[in-house]
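So the structure is just underneath, and the comments pick up after that.
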Amino acid sequence: MKAEYARLVVRESASESSAVTETEPVRTGEAGMRMLAEQVPVLLWATDRHLRVTWGLRHPSFAGLDARLAQLLTSGEAEAAAVAAHRRALRGEAAEFDQVWEDRTLHARVEPVRSSAGDVVGTVALALEMDEAARQKREEMLRAGRHDALTNLPNRTLFLERLRQATAGADWCREGLFVLLLDVDGFREVNARLGFEVGDRLLAAVAGRLGRRLRPGDTLARYGPDEFAVLLCGLHSGDEAMLVARRLMGEMDARFDLQGAMVSASASVGLAGATAGHRPEDVVRDAERALGRAKLLGRSRCQVFQPGRDAQETLLMDVETALRRALEIDEVRGRYRPTVMRKDGQVAGFEVVLWKRAR
Numbered sequence: 000m001k002a003e004y005a006r007l008v009v010r011e012s013a014s015e016s017s018a019v020t021e022t023e024p025v026r027t028g029e030a031g032m033r034m035l036a037e038q039v040p041v042l043l044w045a046t047d048r049h050l051r052v053t054w055g056l057r058h059p060s061f062a063g064l065d066a067r068l069a070q071l072l073t074s075g076e077a078e079a080a081a082v083a084a085h086r087r088a089l090r091g092e093a094a095e096f097d098q099v100w101e102d103r104t105l106h107a108r109v110e111p112v113r114s115s116a117g118d119v120v121g122t123v124a125l126a127l128e129m130d131e132a133a134r135q136k137r138e139e140m141l142r143a144g145r146h147d148a149l150t151n152l153p154n155r156t157l158f159l160e161r162l163r164q165a166t167a168g169a170d171w172c173r174e175g176l177f178v179l180l181l182d183v184d185g186f187r188e189v190n191a192r193l194g195f196e197v198g199d200r201l202l203a204a205v206a207g208r209l210g211r212r213l214r215p216g217d218t219l220a221r222y223g224p225d226e227f228a229v230l231l232c233g234l235h236s237g238d239e240a241m242l243v244a245r246r247l248m249g250e251m252d253a254r255f256d257l258q259g260a261m262v263s264a265s266a267s268v269g270l271a272g273a274t275a276g277h278r279p280e281d282v283v284r285d286a287e288r289a290l291g292r293a294k295l296l297g298r299s300r301c302q303v304f305q306p307g308r309d310a311q312e313t314l315l316m317d318v319e320t321a322l323r324r325a326l327e328i329d330e331v332r333g334r335y336r337p338t339v340m341r342k343d344g345q346v347a348g349f350e351v352v353l354w355k356r357a358r
């Protein structure tokens with residue numbers, strides 16, 4: 000039998016563009032589309048720009064789920080995966096999400112619907128049900144892509160995703176939002192002196208100690224090779240965030256027994272606060288600036304980003320931080336020239352006359 004389907008088109012009025020959709024026969028019309036939905040276990044729907052469902056077809060096995068989905072979309076829950084995926088589609092990007100209800104899991108793909116002028120006026124989506132084996136395999140793949148294999152912590156991708164949700168005003172983080180970046184001091188020296196295997200054990204041990212000192216709702220992530228990030232919510236002041244930072248730094252005081260290798264370590268910390276509406280990248284940048292300042296002051300220091308700091312000082316701090324990071328990743332391609340004292344000819348230091356920074 001030949002495939003039978005319909006395509007969605009947008010009806011536009013003189014006063015406004017509407018996301019109300021209608022079926023336009025392509026081969027055998029709407030009857031074929033409904034036959035498909037009745038025989039194949041799929042759920043199809045379209046929404047307007049306000050995420051109101053304007054059209055839908057479903058397989059009988061999805062009875063009731065379509066209504067629950069429509070209610071979820073109009074609830075406006077920012078942390079709901081379905082809502083986030085539809086909002087992404089409204090920005091012109093395709094998105095996917097999983098929705099779990101009791102013992103059933105739907106996997107859906109959402110696409111933007113555009114008017115004849117190219118403007119996004121709604122969304123269209125298709126969902127399939129996943130069996131238990133497929134669901135577990137997908138969860139394993141998603142977890143592997145969003146967690147660090149060494150420490151089993153969320154990675155940078157998942158941390159930034161949670162930070163976006165928090166700054167968007169998610170219910171679980173409505174006030175007292177702080178980002179804490181913690182850098183393990185001298186980690187490169189540990190690798191160089193004792194080997195990468197010991198270095199890996201040190202990172203795993205640090206992750207374990209930090210995790211024991213945080214609340215269940217906090218997010219601890221491995222943010223870089225020797226850097227951890229913490230998302231703190233529900234704090235009442237910067238002083239509380241500083242207490243958390245000091246507590247985490249205190250966890251580094253005791254030496255680490257790494258299968259026979261006794262290693263001492265310390266940590267430098269940068270803190271930055273934010274409120275709902277802040278851009279995630281700005282919050283992280285502020286925390287990185289504070290961390291850069293802490294590292295320039297020496298080991299085991301904690302600094303809080305202060306927005307009112309003089310612009311020239313901030314620029315110098317950015318350059319200093321970038322140079323330090325460049326040294327750590329061998330980005331510097333410098334030529335060094337000694338500084339000689341005129342009175343006695345003694346070498347007093349040196350200067351770098353070239354720094355090639357990757358862009």
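Numbering (numbering that gives the first Met the number 0), first residue to last: 0 to 358. Ideal placement from N, C-alpha and C gives every residue a C-beta, glycine not left out. Given the structure is predicted, the values throughout are model-derived calculations rather than measurements.
Cα-Cα separation between A266 and H146, rounded to whole angstroms: As a working mapping, residue 266 is identified with position 267 in the sequence shown. As a working mapping, residue 146 is identified with position 147 in the sequence shown. Cα to Cα, A266 sits roughly 22 angstroms from H146.
Identify which residue in T73, H49, L56 and W100 has its Cα closest to the Cα of R90. In the sequence shown, counting from the first residue as 1, residue 90 sits at position 91. Nearest of T73, H49, L56 and W100 to R90, Cα basis: H49.
Excluding the 5 residues preceding and the 5 following D152 in the sequence, name in chain order all residues of the same chain whose CB lies nearer than 7 angstroms to its CB. Against the sequence shown, residue 152 aligns to sequence position 153. Correcting the residue type first, residue 152 is Leu in the shown sequence and not Asp. For L152, where only same-chain residues beyond five positions count, the Cβ hits under 7 angstroms are H146, A206, L219, A220 and R221.
Quick check: L176 and G269, are their CB atoms within less than 7 angstroms of each other? Within the sequence shown, numbered from 1, the residue matching residue 176 stands at position 177. Within the sequence shown, numbered from 1, the residue matching residue 269 stands at position 270. No. Outside cutoff.
Might you give, ordered along the chain, the residues of its own chain that have their beta carbon closer than 8 angstroms to the beta carbon of A94, omitting 5 neighbours on each side? Here residue 94 corresponds to residue number 95 of the sequence shown, with the count starting at 1. Counting only Cβ-Cβ distances below 8 angstroms, and skipping sequence neighbours, we find A83, A84, H85, R87, A88, R108 and V109.
Can you grab the Cα-Cα spacing for the pair V262 / R254, in whole Å? Residue mapping note: residue 262 aligns to position 263 of the sequence shown, counting from 1. Residue mapping note: residue 254 aligns to position 255 of the sequence shown, counting from 1. Between V262 and R254, the C-alpha separation is close to 6 angstroms.
Considering just the uninterrupted stretch of the alpha helix (DSSP H) at M241, what are its terminal residues? Here residue 241 refers to the residue found at position 242 when the sequence shown is read from its first residue. First-last of the alpha helix (DSSP H) with M241: G237 to G249.
Is E128 closer than 7 angstroms to L105 when the C-beta atoms are compared? Taking the sequence shown and counting its residues from 1, one reaches residue 105 at position 106. Taking the sequence shown and counting its residues from 1, one reaches residue 128 at position 129. Cβ distance < 7 angstroms, so L105 and E128 count as in contact.
Distance check for A264 and D199, CA to CA, integer angstroms please. Translated into positions along the sequence shown, residue 199 becomes position 200. Translated into positions along the sequence shown, residue 264 becomes position 265. About 13 angstroms.
Tell me the residue span of the alpha helix (DSSP H) that contains F255. Indexing the sequence shown from 1 puts residue 255 at position 256. Element bounds for F255: not the alpha helix (DSSP H) but the beta strand (DSSP E), F255 to L257.
How about L242 and L209: do their beta carbons lie closer than 7 angstroms? On the sequence shown, residue 242 is found 243 positions in, with the first residue counted as 1. On the sequence shown, residue 209 is found 210 positions in, with the first residue counted as 1. No, Cβ-Cβ distance for L242 and L209 is not below 7 angstroms.
Assuming L367 contacts E327 under a Cβ cut-off of 8 angstroms, what Cβ separation, rounded to an integer in Å, is found between them? One cannot answer for residue 367 here, as it falls past the ends of the chain, which runs 0 to 358.
State the Cα-Cα distance for the pair M388 and P224, rounded to the nearest angstrom. Absent from the model: residue 388. The displayed extent of the chain is 0 to 358, so no value can be given.
Beta strand (DSSP E) containing S267: first to last residue? Taking the first residue of the sequence shown as position 1, residue 267 is located at position 268. A266 to A273 is the span of the beta strand (DSSP E), which, as asked, contains S267.
Would you kindly report the start and end of the unbroken beta strand (DSSP E) that includes H106? Taking the first residue of the sequence shown as 1, we reach residue 106 at position 107. Note, H106: beta strand (DSSP E), R103 to R113.
Please name the residue in L322, L290, L125 and D47 whose C-alpha comes closest to that of V112. Against the sequence shown, residue 112 aligns to sequence position 113. Comparing Cα positions, the closest option is D47.
Cross-strand partners of Q302 (DSSP beta bridge): Translated into positions along the sequence shown, residue 302 becomes position 303. For Q302, which the question treats as bridged, DSSP gives the partners G269.
Return the residue from the list E160, D217, N190 and G272 that minimises the CA-CA distance to G237. Start at 1 with the first residue of the sequence shown, and residue 237 comes out as number 238. Checked all of E160, D217, N190 and G272; the closest Cα to G237 is G272.
Does the distance from the CB of L162 to the CB of L230 come in under 7 angstroms? Counted from its first residue, the sequence shown places residue 162 at position 163. Counted from its first residue, the sequence shown places residue 230 at position 231. In contact: L162 and L230 (Cβ atoms closer than 7 angstroms).
Run of the beta strand (DSSP E) containing G121, from where it starts to where it stops: Position 122 of the sequence shown, counted from the first residue, corresponds to residue 121. Per DSSP, G121 belongs to the beta strand (DSSP E) from V119 to M129.
Starting from E95, follow the beta strand (DSSP E) in both directions and report where the run begins and ends. Residue mapping note: residue 95 aligns to position 96 of the sequence shown, counting from 1. Looking at the DSSP string, the run of the beta strand (DSSP E) that includes E95 is A94 to W100.
Outcome for R57 when other beta-carbon atoms lying within 10 angstroms are tallied against a minimum of 16: Here residue 57 corresponds to residue number 58 of the sequence shown, with the count starting at 1. Classification of R57: buried, given that the 10 Å Cβ count is 16 or more.
Buried or exposed: where does E188 fall if 16 or more other Cβ atoms within 10 Å of its Cβ makes it buried? Position 189 of the sequence shown, counted from the first residue, corresponds to residue 188. It is exposed - the Cβ of E188 has fewer than 16 other Cβ atoms within 10 Å.
On the DSSP letters alone, give me the boundaries of the alpha helix (DSSP H) that G210 sits inside. The sequence position of residue 210 within the sequence shown is 211, counting from 1. F195 to R211 is the extent of the alpha helix (DSSP H) around G210.
Three-state secondary structure (DSSP) at K1? One-based indexing of the sequence shown puts residue 1 at position 2. Because K1 sits at a pLDDT of 36, beneath the cut-off of 50, its placement in the model cannot be relied upon, and the point is left open.
For D343, collect the residues of the same chain with a Cβ closer than 6 angstroms to its Cβ; drop the 5 residues on either side in sequence, then sort them by chain order. The residue you call residue 343 lines up with position 344 of the sequence shown. For D343, where only same-chain residues beyond five positions count, there are no Cβ hits under 6 angstroms.
Of the listed residues L322, A79 and F349, nearest to Y335 (C-alpha basis): Taking the sequence shown and counting its residues from 1, one reaches residue 335 at position 336. Among L322, A79 and F349, the Cα nearest to that of Y335 is on F349.
May I have the straight-line CA-CA distance separating L314 from P279, to the nearest angstrom? Position 315 of the sequence shown, counted from the start, is the residue given in the question as residue 314. Position 280 of the sequence shown, counted from the start, is the residue given in the question as residue 279. Their Cα atoms are separated by approximately 20 angstroms.
I'd like to check one pair, L42 with A126: are the Cβ atoms closer than 7 angstroms? Taking the first residue of the sequence shown as 1, we reach residue 126 at position 127. Taking the first residue of the sequence shown as 1, we reach residue 42 at position 43. Yes; because the gap between Cβ atoms is below 7 angstroms, this pair is in contact.
Bridge partners - V183, DSSP secondary structure assignment: Taking the first residue of the sequence shown as 1, we reach residue 183 at position 184. DSSP lists A266 as partners of V183.
Would you grab the beta carbon distance between A228 and T150 for me? Rounded to a whole angstrom, and I think it's under 8 angstroms. Mapped onto the sequence shown, residue 228 falls at position 229. Mapped onto the sequence shown, residue 150 falls at position 151. Contact doesn't hold; Cβ gap of about 12 angstroms is too wide.
DSSP state of L71, grouped into three classes? Position 72 of the sequence shown, counted from the first residue, corresponds to residue 71. Three-state result, L71: helix.
Over what stretch of residues does the alpha helix (DSSP H) that includes T156 continue unbroken? Within the sequence shown, numbered from 1, the residue matching residue 156 stands at position 157. Per DSSP, T156 belongs to the alpha helix (DSSP H) from R155 to T166.
Mind checking whether T293 and R300 have CB atoms under 7 angstroms apart? Locating residue 293 in the sequence shown gives position 294, where the first residue counts as 1. Locating residue 300 in the sequence shown gives position 301, where the first residue counts as 1. In the sequence as displayed, the identity of residue 293 is Ala instead of Thr. Going by C-beta atoms, A293 is nearer than 7 angstroms to R300.
What does a CB cutoff of less than 6 angstroms around F304 pick up in its chain, not counting 5 residues either side in sequence? Here residue 304 is taken as the residue at index 305 of the sequence shown, counted from 1. Within the same chain, F304 has close Cβ partners A271, D285, R288 and A289.
Rounded C-alpha distance that separates T338 from V346: Here the question's residue 338 lines up with position 339 in the sequence shown. Here the question's residue 346 lines up with position 347 in the sequence shown. Straight-line Cα distance between these residues: approximately 6 angstroms.
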